[in-house]
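Down below is the structure, laid out as structure tokens.
The following block contains the structure:
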């Protein structure tokens with residue numbers, strides 16, 4: 004078996020990294036859509052702090068927290084609509100797998116339209132999507 008793997012992902016790990024969230028987002032855009040699991044937001048001090056850091060940074064952040072345990076087409080469609088109305092240019096995902104998966108799907112549908120079902124499969128997203136910070 005032979006293959007090439009390229010994954011241009013930056014990881015910032017360590018104490019105090021949450022304080023640099025706004026800086027990380029600011030490098031990618033000025034109008035973030037924050038996709039956050041509402042249950043995580045209620046119980047996680049880090050999730051609350053993330054929203055606070057972004058709101059105090061001067062970035063124009065919009066919160067989307069209509070994330071069920073098992074996201075569906077309606078979730079993605081609603082999130083993409085909020086992304087477009089806010090004229091977002093970056094997505095911040097906070098929470099578990101549901102928030103992360105929703106953020107990726109929202110970014111694809113917001114950029115290219117249609118339904119998330121249009122992009123299920125290999126290489127079906129026709130071009131770039133908004134950057135995602137998670």
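In the numbering used here, the protein residues as written are 4 to 137.
Think of the CB as a built atom: it goes at the ideal place given N, C-alpha and C, for glycine as much as any other residue.
If you're wondering where the values come from, they're calculated on a predicted model, not measured in any experiment.
Local Cβ density within 10 Å of residue i, reported as buried at 16 or more and exposed below that
i	result
residue 16	exposed
residue 118	exposed
residue 127	exposed
residue 138	A query on residue 138 cannot be resolved here, the shown segment of the chain reaching from 4 to 137 and no further.
residue 102	buried
CB of residue i within 7 Å of CB of residue j, strictly
i	j	result
residue 133	residue 94	yes
residue 130	residue 92	no
residue 111	residue 122	yes
Cutoff 6 Å; reference residue i; Cβ partners in own chain excluding five residues on either side
i	result
residue 20	none
residue 61	none
Spatial neighbours of residue i in its chain, beta-carbon cut-off 8 Å, leaving aside the 5 residues before and after
i	result
residue 57	24, 25, 28, 35, 37, 64, 95
residue 44	50, 51, 54, 68, 97, 98
residue 120	76
Residue i - partner residues in DSSP beta bridges
i	result
residue 6	Partner(s): none; residue 6 has no beta bridge.
residue 65	36
residue 95	37, 136
Contacts around residue i, its chain only, beta-carbon distance under 7 Å, and the 5 residues preceding and following it disregarded
i	result
residue 105	38, 70, 74, 78, 79, 82
residue 135	94, 96, 106, 107, 110
residue 87	113
* Could you say if the region 61–81 and the region 37–53 meet the contact criterion of at least three C-beta pairs nearer than 8 Å? => They touch, by the three-pair rule.
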